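First up is the structure itself, then whatever we jot down about it.
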Amino acid sequence: MKGSVGSSIPHDSAHLHVSGEASYTDDIAEPRDLLHLAIGMSERAHARIKSIDLQPVRSAVGVVDVILVDDIPGENNCGPVVHDDPIFAPNRVQYVGQSIFAVAAETVDAARKAARLAIVDYEDMDAVLDPLEAVEKKSFVLPSETLTRGDSRSALKVAQNRLQGRVHLGGQDQFYLEGQIAMALPRDDGDLFIFSSTQHPGELQTLVAAATGKQAKDVVVECRRMGGAFGGKESQPALIACIAALMTQRTGRACKLRLDRDDDMRLTGKRHDFIIDYDVGFDDDGNIGAVEFVFASRCGMSADLSGAINDRTMFHCDNAYYLPNLNVISHRCKTNTVSNTAFRGFGGPQGMFAIECVIDDVARCLGIDALDVRRRNFYGVGERDITPYGQKVEDNIIAELVEQLHASSDYLSRVAEIRSFNAQNEVLKRGIALTPIKFGISFTATHLNQAGALLHIYTDGTVHLNHGGTEMGQGLFTKVAQVVAEELQIDIDQIKITASDTSKVPNASATAASSGSDLNGKAAQAAARKIKGRLSRFAAEHFGVAEAEVVFKRNEVLVGDNAMPFKELVRLAWFARTSLSATGFYKTPKIHYDRETFSGRPFYYYTYGAAVAEVVIDTLTGENRLLRVDILHDCGQSLNPAIDKGQIEGGFIQGAGWLTTEELWWNERGELKTHAPSTYKIPTSSDVPIDFRVDILESAANREETVFRSKAVGEPPLMLALSVYHALKDAVASTASDGQAVLLQAPATPESVLNAVRALQCTDTTDHA
Amino acid sequence: MHPSSSDKPAAEKISFLLDGEIIEINDVDPTRTVLQYLREDLRRTGTKEGCAEGDCGACTVVVAELDHDGESVRVRAVNSCIQFLATLDGKELITVESLRGKDGSLHPVQKAMVDCHGSQCGFCTPGFVMSLLALYKNNASPTRLDVDDALAGNLCRCTGYRPIVDAALAMYDESSQRDASDDWLLGAKGTNTEKPLQEKISKLKSIRRTNNLAIKQAGRRLSSPRSVAELADLIQAKPDSTLLAGGTDVGLWVTKRHRELDEIIYLGNVAELRNISVSATHIEIGAAATLSDVMPVLVEHFPALQELFVRFASPPIRNAGTLGGNIANASPIGDSMPALLALDTVLVLREGQQQRELPLDEYYVGYQATALQPGEFLEKIRVPLPASSSGLQTYKVSKRFDQDISAICAAFCIGLDGDEIVTARVAYGGLAAIPKRAKQCEQMLLGKAFERATIDAAINVLDADFQPIDDMRASAEYRMQVCRNLLLRFYLESTGAETERVYGYNRA
Ligand SMILES: Cc1cc2nc3c(=O)[nH]c(=O)nc-3n(C[C@H](O)[C@H](O)[C@H](O)COP(=O)(O)OP(=O)(O)OC[C@H]3O[C@@H](n4cnc5c(N)ncnc54)[C@H](O)[C@@H]3O)c2cc1C
Ligand code: FES
Ligand code: FES
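Protein chains in written order, with the numbering used here: chain D, 37 to 805; chain A, 24 to 531.
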């Protein structure tokens, strides 16, 4: 049988990707009369708009219409949670790039040229441009939150050793290759049909309806595939779709808004950058007694998803470690910069980064290998297994996983070899680190952990599959089809995978939080089981056998001693008036969580993994390179090992980019100057280590009853890249004597690495004696 | 007027090949890009736009043309997003849609990408396929480093590249199972039989133009002369024209800054301007020779340029971009200039019949300002030989190794007599408004012994030579620190104390 669960079949669209035949939103045949839109953007970080002269825009060649805030018939909002995200800035702009108006023209070029012609008279106001300033001024998008376990104050006081530190952790642009885009089409009676590159068609439908003064029933949203998303298309596409919808509503013509790359990067949210303060108490063996964290994250000008993102930071600042006394304060800083948003890991990476920095400092302070400190502090099995938010870690495999990787990566002898290399080399230094991950799976907002699917079987035995998930390259559609193929025991090529569509499966959650195949796989399985049940009952009745004697197997159905092709049974069932269409529904069991007290069981289960990274740095320039990486990652019982491996490798390299070459740089006016691939550098092929060994943990069935005992894999591998950052720290540390903390700001660009080297050399007197 | 191609009236339409057909277009807008033409006019949407500035590779297409000798075909990947359609005149355009076989089967490059799981979201994929196709047609057995270089201009945010690199190495096996005797595209380098090759050559010959091109459309004009003399006349007659060589800088003025270029003179069809010749005394490079053509010649004489050139942009940019354009563009962070300054390069400038020589050192007069007079253009670049320059070294420091703009670029060329420094040329990019020699530092070196104390003294005066600025690529402080440290690194390498760099560490 082709495409059963566990087989490494290629992505369902692979043959279309390679031939350019896979169609993305901008490739859909354009309707006659299509108008092209462009956004007029703010040039100021914080200013009152005294006046806008749009005459030059209106009279530019090819311009058909211009809209701004007063032209919105419904609500001026595209914010998903708090309604603080205007579609068009009302009378005050809050970041450079904010949308003020939109222009519709006959060509893309005409629209973009015209959008630059507005004459806006601004009156500048004080702008808050970085999180620390925001904390000082108590400028927050949401109230600060605290998570407490035990008594960290007292524990810190009595600890044998205590360290404090501050580290800057940069943000990250999603840099999906396909920029933000939506095309709106007018339908009968004022209804709207929206093609959008979105991870969240359902929410987009709601927001478009609200903005246009319509109801959900009047709007349909469809997305066949995205050219990458990574969280950047969870809430951000709403603005684009709302503008296209508003213009379509006004002009009665189809409208397409496709952002130019530079505009996309200026106008849409990114991963939050953080300033992290910590205070840790530990004994002489490296056992951590208490930690206090203060997180200040740049949320930008509005709340967007920052609440849940920063919550996840708090939930993940333990990573794989038992922290008996902990106090976490999380500030959600309001700054006059673009509103930051979801990005693979959703705040988790920043929390894990923080505790890994603490561990590294503890180890360097004590002069022992950081891996020993990590092992000492791992969650226990059957003891020391309660997280700070009260969830019991029931599926802990981190210790065995790390031991296995430790051995397979030859960690010990490589450490020794690197130490001797460093002793013999003045300028080049190498470093190595092994870091673990434990990542909680489920949306922390319990109600989002639900999914629906729709399945039809046609009389020729072929299947139409639809569910609420979206395809952004992660292979979700392929995996869900594999689940259905397995369930119905038919070849996967008998199943048509179809576009996400709000009119087929309603009220779907965003495809996010790594939950896509967990939720939608289960929902599709439920739908398949419903129809299979009807077919079985029919067959039992029709052929006079017990239902248990009807077995679906490899494109056939065994009924007692007889076998018939699947499609034959389907045809017979249809003839006997059996319903061959079903919906499926799933909600994640066991989870519950009280946001007031930050306690409960927010996560259905955890996934685990670990990576060893080895690097080399140049202590004269700070240039650095990843030399070798060994990864062992937990996918449960993988639905498709090839696709999962793709997620692991891709996530890891993306994480390595976040922590090394990808730097967001604003000038003193609050203008983002790294807003295109010429200035914002994601990894290229030659940044991938020549020696790259990636393994999926074997015999690792999920202990929870997930779809075929698989585990979510979308986000967690990104955090394996923490090993790269710590390997760089290790290399930097080798330039000075033991016992010194390394201050390496992330991203570890050549400049940041050189700064860290120089800082060590300034404080290190022994080395220069 | 000069007796030449202009004896025939200039053509007003362009012709090129696409999928074996000759396409003729009468009314090309001179700044319409190949990508706009494909996506908007032909609705061939396989080729994607990811940035419209040559930096992501989603728009990569392959261009085939007759080689200089007229008897072989050269195949090059280029970025369609910044390539003007008019520059395809006389060439063949190959896009991702051109690849499937007549029977619908996937091309070996495509097949390998599927089999190796080389696509996830798939948006970057057509661009990768086209870069791989260029590799497939140009290199019979690439190494991992060749593959990395071939892909340096293609970004993928999903896969982490490993499966794409695998596909690059596997595509040759896929091809061995095909019959390429009838299909030029199917044959990897060295495997094509004569028949399809000869057909290709004669097809390309059939559209080869011998007269000039002069296009007028949408209020814009583009002239494409074929001889230097005609070019010189044109420029003299219209000194305000925009000279277009590879367009890897000019293209962005249009796609990003929305500049209207009303009068364009295209240099790419002036054969003499693409010549490269080597004599006993110098290498002479026509200003419009592409970086891809120039670099191997320079590297042959100055092996120290190898790393710098592999890291200069990406193959598609180097295939279009020219050395003359790099120099004339006068960016303070242009990568060729520090090395050319260190090599004491001389420019040949021309106005009408008038030629003059000017040391590169005197060419830059201020931020993006040059000594070029109205009506004048850069004709040739002369790099002196013999390589008295065993002492040449170059360095590029940037956030990312491949396809990044330098934060600092440096070149050092020191000539020794015994132990004494007799010539010293030290040049940096990224530290001032122009690429510039460090004259005070050079003075400090001259006549001294080549030893650590001399270097330390020279390092100490670098502050007097440069006052860099902060920007998104690096802070002023970092730039100065690295400026000093690179001179030290040069010394350590010259004395054999340091033998390795991070860039090439363990990659050979
Ligand atoms: C993605 C990308 C990456 C890049 N990476 C690098 C890099 O790593 N290092 C680097 O240095 N540059 C880089 N560049 C810049 C660019 O590719 C180079 O400067 C290239 O050499 C320009 O050559 P061209 O032929 O394309 O110039 P064009 O764009 O055609 O012209 C550039 C300028 O020179 C003028 N000009 C051209 N020829 C002449 C002539 N003969 N006489 C007088 N004026 C002339 C033009 O009028 C124009 O002002 C990059 C560009 C892109 C888009
Ligand atoms: S679209 Fe990015 S290189 Fe052309
Ligand atoms: S597959 Fe998505 S960018 Fe390459």
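Beta carbons are placed, not taken as given, at the ideal position from N, Cα and C, and that holds for glycine. Remember, predicted model here, so these are calculated numbers, not experimental data.
Proximity test, residue 78(A) beta-carbon vs ligand 5 heavy atom, cut-off 7 angstroms: Ligand 5 is absent from the structure shown, which contains only ligand 1, ligand 2 and ligand 3.
In chain order, which continuous runs of the beta strand (DSSP E) of length 3 or greater are located wholly inside the region 359-404 of chain A? 369-374, 377-382 and 387-389
Where residue 416(A) meets chain D, residues with beta-carbon distance less than 9 angstroms: Correct list: empty, because the minimum Cβ distance to chain D is about 13 angstroms.
Just the chain D side, please: which residues come within less than 8 angstroms of residue 498(A) by C-beta, in chain order? 787
Does residue 508(A) come within less than 8 angstroms of chain D when only Cβ atoms are used? yes
In chain order, what residues of the same chain have a beta carbon less than 6 angstroms from the beta carbon of residue 479(D), not counting five sequence neighbours either side? 485 and 549
If the cut-off is 9 angstroms on Cβ atoms, which residues from the region 501-529 of chain D count as contacting chain A, listed in chain order? 507, 508, 509, 510 and 511
Compute the minimum distance between the beta carbon of residue 349(A) and the heavy atoms of ligand 1, and state whether it is under 7 angstroms. yes
For the region 634-705 of chain D, which segments carrying the alpha helix (DSSP H) assignment without a break, of at least 4 residues, lie completely within its bounds, in sequence order? 677-695
Is it the case that the region 328-347 of chain D contacts the region 362-370 of chain D, given that we only count it when at least three CB pairs across the two stretches are under 8 angstroms? yes
Using C-beta distances below 7 angstroms, list every residue in its chain close to residue 510(D), excluding the 5 sequence neighbours before and after it, in chain order. 552, 683 and 750
Between residue 521(A) and chain D, is any beta-carbon pair separated by less than 8 angstroms? yes
Give me the chain A residues within the contact set of residue 728(D), using Cβ-Cβ distance strictly less than 9 angstroms, ordered along the chain. 183 and 185
Span of the alpha helix (DSSP H), counted from its first residue to its last, around residue 515(A): 499-517
Count the other C-beta atoms from every protein chain shown that fall within 10 angstroms of the C-beta of residue 36(A), then say buried if there are 16 or more, exposed otherwise. exposed
Cut-off 7 angstroms between Cβ atoms - residues of its own chain near residue 601(D), not counting five sequence neighbours on either side: 591 and 592
Ordered along the chain, which non-local residues of its own chain (more than five positions away) have a Cβ less than 7 angstroms from that of residue 149(D)? 96
With DSSP as the reference, label residue 520(A) as helix, strand or coil. coil
Beta-carbon spacing of residue 672(D), residue 747(D) below 8 angstroms: yes
Which bits of chain A does residue 588(D) rub up against, with CB to CB less than 8 angstroms? The premise fails here: residue 588(D) is roughly 29 angstroms from chain A at the closest Cβ pair, so nothing lies under 8 angstroms.
Name the DSSP beta bridge partners of residue 599(D), please? 594(D)
Rounded Cβ spacing between residue 716(D) and residue 301(D) (contact assumed at less than 8 angstroms): 7 angstroms
CB contact below 8 angstroms: residue 361(A) versus chain D: no
Note down, in chain order, every chain D residue with its Cβ under 9 angstroms from the Cβ of residue 100(A). Residues of chain D passing the Cβ test: none, with the nearest at roughly 14 angstroms.
Drop a sphere of 10 angstroms on the beta-carbon of residue 318(D), count the other beta-carbons inside from all chains shown, and report buried for 16 or more, exposed for fewer. buried
Test item: CB-CB of residue 654(D) and residue 464(D) under 8 angstroms: yes
Under the three-state DSSP convention, the category residue 314(A) falls into: helix
Determine, using beta carbons only, whether residue 511(A) comes closer than 8 angstroms to chain D. yes
Residue 303(A): which of 232(A), 329(A) and 407(A) sits nearest, CA to CA? 407(A)
Would you mind sorting residue 488(D) into buried or exposed? The rule is 16 or more other CB atoms within 10 Å of its CB. buried
Below 7 angstroms CB to CB, which residues in the same chain sit around residue 597(D) once its five sequence neighbours on both sides are set aside? none
Would you decide whether residue 319(A) is buried or exposed? Buried here means 16 or more other CB atoms lie within 10 Å of its CB. exposed
Can you list, in chain order, the residues of its chain with a C-beta nearer than 8 angstroms to that of residue 503(A)? Leave out the 5 residues immediately preceding and following it. 454, 485, 486, 489 and 491
How about residue 802(D): is its C-beta nearer than 8 angstroms to some C-beta of chain A? Note on residue 802(D): pLDDT 41, under 50, position unreliable in the model; no value is reported.
Drop a sphere of 10 angstroms on the beta-carbon of residue 82(A), count the other beta-carbons inside from all chains shown, and report buried for 16 or more, exposed for fewer. buried
For residue 482(D), which residues from the same chain have a beta carbon less than 7 angstroms from its beta carbon, with the 5 sequence-adjacent residues on both sides left out? 627, 628 and 629
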